[in-house]
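Protein chains in written order, with this note's numbering: chain A, 189 to 456; chain H, 3 to 288.
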Amino acid sequence: MSVEKQKAIALSMTEMVFSGNRFANYLWIFPLAFGFAVWEIVTRIGLVPSSNLPTFSSVLVVFLASIQNQTFLLRIGYSFMNLVCGLLLAFSIALPLAFVAGSKNNFDLTLTPIIMLFGALPDLSFLPLLVLWLGPGSAAAVIMASVAGFFPIYFTVREGTRSIPRELFEVTSIFKSDRFSTFTKMVLPAISPHMFSGLRLAYDFAWEIIIAIEIATRMAGIGDFIDGNVSSGSLASGFAAILAIAIVAIVVDRAFFGSLESWTKRWA
Amino acid sequence: MENHVELSKVSKFYNASKRLHALHEISFNVGHGEFVSIVGPSGCGKSTLLKIIAGLDSPTSGEVRFRGGPIHGPHQKISMVFQAFGLFPWRTVLENVEYGLEMQGVPKQERRGSAREYLGMVGLAGYEDMYPKQLSGGMRQRVGIARALAVEPEVVLMDEAFSAIDEVTAEVLREEVTEIHRQTGKTFVLVTHNLSEAIELADKVVVLSSRPAKVKKIVPISLDRPRDRTHSMFVHMHMDILHLLKEELENTFIRHKLKGIPELQEIHDMELTHNNEESKKTLITT
Chain A
189 MSVEKQKAIA LSMTEMVFSG NRFANYLWIF PLAFGFAVWE IVTRIGLVPS SNLPTFSSVL
249 VVFLASIQNQ TFLLRIGYSF MNLVCGLLLA FSIALPLAFV AGSKNNFDLT LTPIIMLFGA
309 LPDLSFLPLL VLWLGPGSAA AVIMASVAGF FPIYFTVREG TRSIPRELFE VTSIFKSDRF
369 STFTKMVLPA ISPHMFSGLR LAYDFAWEII IAIEIATRMA GIGDFIDGNV SSGSLASGFA
429 AILAIAIVAI VVDRAFFGSL ESWTKRWA
Chain H
3 MENHVELSKV SKFYNASKRL HALHEISFNV GHGEFVSIVG PSGCGKSTLL KIIAGLDSPT
63 SGEVRFRGGP IHGPHQKISM VFQAFGLFPW RTVLENVEYG LEMQGVPKQE RRGSAREYLG
123 MVGLAGYEDM YPKQLSGGMR QRVGIARALA VEPEVVLMDE AFSAIDEVTA EVLREEVTEI
183 HRQTGKTFVL VTHNLSEAIE LADKVVVLSS RPAKVKKIVP ISLDRPRDRT HSMFVHMHMD
243 ILHLLKEELE NTFIRHKLKG IPELQEIHDM ELTHNNEESK KTLITT
């Protein structure tokens, strides 16, 4: 075999591994697997005491058992529902406000400084008050999640609205679009790339807040489950719960936001 | 030729204080099926004038009449082609062309049909399912033209429709617009800073003065189509109009310098930075 040919084959093989979509999209598995392997080894050989870190394999075993346990799944579902309700609330308030702020300068100057002021406060500082008023239940969790989700949605949608070229508004006027169609058929798609990244951020923020609230107020949910298990010494259960959250978070992120973004990528 | 669009004493002031006088008592008529080009020094308000004709903006005084009646807001029979094409990037080529008909409530099958027809007219058959980002500037403007024609307007307004396209493509597109004008007999009003373009396309050229814009001269162009830019008559007209515009450009500089009003100066500077490219192009291409 000639050197050129060998080179060509080697090149095409590297291309297959590193840039061919099939493989390149799953390259992240390697460092992840490596991390888990290191975890398994350091716990097996006793480098880290098992009272601090259970072995990875024991976490997997507990995880596989947990996901067949109804209460475990219900706890995750409960946290997830609070999160989704919070995000819906945040979205329904932030979207119209941000749209008006993005299109009417005086409204923006009236509202946005105040929103920035509240945004600068740590969200969790309101928590004791909310719990005092509403009790440590879903209501408080939903509201906190919506507060956390509000800011990224508000600022991205406002920015998206501002960046709509004036010409596109003229196009809707020339072709006699009514206000409703202008909003649904022009403004919404135009701001969607901004809006989706805002929603994605809001989703991340809301997860953090939900878990924090559950731990802080011992509210039923997966956060409380982690806290309870870790403090009672069943670290493997705690890790299994974290793993479950990670999977839910990633799957939703990929499936929901990923598909939204792949739609915008087609044209944007 | 019966008047299709009439402008009578259209004036426009900007700002609540009415300090900025953009258009001053502009009157001219556009006949049925006539192609009128509007030229003027950069920033004189010619695009504003077109927007007033389109009903996107309203005059401070005076009025625009369409088929004898005054215009209040956009009219279904007046359509527009935009400088930056004005396409919706999330819509395919076909969906973009359909847009106007969709807003009129035309059923899907029907509007698909006419959208395809007009896409064919501008030479974009086969590109229906592409997104605007996949097309070149010239092709995007073809979509813009097809969209404007698809609503079957009587008047097509073009706002610097060829200025964001490379010169060779623009030339081809101008020839096609001339052909569309001939075939459809629609009325066209084109705003442009490109003098050759104005003369090449129009039955008459309205020359505006610098701000506040007044009608400086209306030049009828009676050359046979297709027009040859090297034809001596063409060259003569070009030189005449260029002379008028240069006069205006100088007037503007002198006036601003003499007055030295800070606001005006500021506005002028803005125009200079904003339209620098445009002014350069005017000088080069003309």
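Think of the CB as a built atom: it goes at the ideal place given N, C-alpha and C, for glycine as much as any other residue.
**OP:** Might you give, ordered along the chain, the residues of its own chain that have their beta carbon closer than 7 Å to the beta carbon of A:L318, omitting 5 neighbours on each side?
**Re:** A328, I331, M332
Subject >> Residues near A:F413 in its chain [Cβ-Cβ closer than 6 Å; skip 5 each side] >> reply: R263, A429
Original post:
Closer than 9 Å, Cβ to any Cβ of chain A: which residues of the segment 90-111 of chain H, in chain order?
Top reply: F90, P91, W92, R93, T94, Y101, G102, L103, E104, M105, Q106
**OP:** Following the continuous beta strand (DSSP E) through H:R189, name the residue where it begins and the one where it ends.
**Re:** First, the residue type needs correcting, since residue 189 of chain H is Thr and not Arg in the sequence shown. Segment 189-193, the beta strand (DSSP E) holding H:T189.
**OP:** Please list, in chain order, all residues of the same chain as H:E202 whose beta carbon is under 7 Å from its beta carbon, the five residues on each side excluded.
**Re:** Closer than 7 Å at the Cβ level, and outside the excluded window around H:E202, lie R176, R229, R231.
**OP:** Count the other C-beta atoms from every protein chain shown that fall within 10 angstroms of the C-beta of A:Q256, then say buried if there are 16 or more, exposed otherwise.
**Re:** Counting Cβ neighbours within 10 Å, A:Q256 comes out exposed, since fewer than 16 surround it.
Original post:
the segment 361-387 of chain A: which residues have C-beta closer than 9 Å to a C-beta of chain H, in chain order?
Top reply: S361, I362, F363, K364, S365, D366, S369, K373, M374, P377, A378, S380
Subject >> Simplified DSSP state of H:E27, which is helix, strand or coil >> reply: When DSSP states are grouped into helix, strand and coil, H:E27 belongs to the strand group.
Subject >> Three-state secondary structure (DSSP) of H:F84 >> reply: Here H:F84 sits in coil by DSSP.
Subject >> Close beta carbons around H:K53, own chain, < 7 Å, minus the five adjacent residues each side >> reply: D59
Original post:
For H:A163, which residues of its own chain have a beta-carbon under 6 Å away from its beta-carbon, when the five flanking residues on both sides are left out?
Top reply: V83
**OP:** Check the Cβ of A:R454 against every Cβ in chain H and list those closer than 7 Å, keeping chain order.
**Re:** Y133
Original post:
What separation, rounded to the nearest whole angstrom, lies between the Cα atoms of H:V99 and H:A148?
Top reply: Roughly 6 Å separates the two Cα atoms.
Original post:
For the ligand ZN, is there a heavy atom less than 7 Å away from the beta-carbon of A:A308?
Top reply: No copy of the ligand ZN appears in this structure; indeed no ligand is present at all.
Original post:
CB-CB under 6 Å to A:I403, same chain, minus the five flanking residues each way: which ones, in chain order?
Top reply: G411, D415
Subject >> Cβ pair H:L89, H:P134 closer than 8 Å >> reply: Taking the C-beta atoms as reference points, H:P134 is found nearer than 8 Å to H:L89.
**OP:** Return no unless some Cβ of chain H is closer than 8 Å to the Cβ of A:V226.
**Re:** no
**OP:** Whole angstroms is fine: what's the gap from A:S425's alpha carbon to A:V250's?
**Re:** 6 Å
**OP:** Under 7 Å between beta-carbons, which chain A residues line up against H:P76? List them in chain order, please.
**Re:** S361, I362, K364
Original post:
Got a sec, what are the start and stop residues for the alpha helix (DSSP H) A:P219 sits in?
Top reply: 217-232
**OP:** Would you list, in chain order, the members of the segment 311-327 of chain A that have their beta-carbon closer than 7 Å to a beta-carbon of chain H?
**Re:** none
Subject >> Distance between beta carbons of H:K219 and H:L246, contact taken as under 8 Å >> reply: Between H:L246 and H:K219, the beta carbon gap of about 6 Å places them in contact (Cβ cut-off 8 Å).
Original post:
Alpha carbon to alpha carbon, what distance is there between A:N417 and A:V236?
Top reply: 19 Å
**OP:** Quick one: list the residues of chain H neighbouring A:P301, beta-carbon separation under 8 Å, in chain order.
**Re:** None at all; the shortest Cβ gap to chain H is about 24 Å.
**OP:** Inspect the CB distances between the segment 61-80 of chain H and the segment 9-18 of chain H and report whether three or more fall short of 8 Å.
**Re:** yes
Original post:
In chain A, which residues lie less than 8 Å from H:V193 when you measure between Cβ atoms?
Top reply: Neighbours of H:V193 on chain A: none; closest Cβ ~14 Å, over 8 Å.
**OP:** Under the assumption that H:V191 contacts H:V157 (Cβ atoms under 8 Å), give the Cβ distance between them as a whole number of angstroms.
**Re:** About 7 Å separates the two Cβ atoms, so the contact holds.
Original post:
Can you check whether the CB of A:A308 is closer than 8 Å to the CB of A:T349?
Top reply: no
Original post:
How should A:L315 be labelled, buried or exposed, when 16 other C-beta atoms within 10 angstroms of its C-beta is the threshold for buried?
Top reply: buried
Original post:
Would H:P155 pass as a contact of H:I80 if the rule is Cβ separation under 8 Å?
Top reply: yes
Subject >> Cut-off 8 Å between Cβ atoms - residues of its own chain near H:A166, not counting five sequence neighbours on either side >> reply: Closer than 8 Å at the Cβ level, and outside the excluded window around H:A166, lie Q85, A86, F87, G139, Q143.
Subject >> Residues near H:N253 in its chain [Cβ-Cβ closer than 7 Å; skip 5 each side] >> reply: S212
Subject >> Coarse secondary structure for A:V236, derived from DSSP in three states >> reply: coil
Subject >> Cβ shell of H:P306 (< 7 Å), same chain only, five flanking positions each side left out >> reply: Nothing about residue 306 of chain H can be read from this structure; chain H reaches only from 3 to 288.
Original post:
Which residues in chain A sit within 9 Å of H:G88, going by Cβ to Cβ distance?
Top reply: P353, E355, L356, E358, V359, I362
Original post:
Where does H:E130 sit, in a helix, a strand or coil, going by DSSP?
Top reply: Correct three-state label for H:E130: coil.
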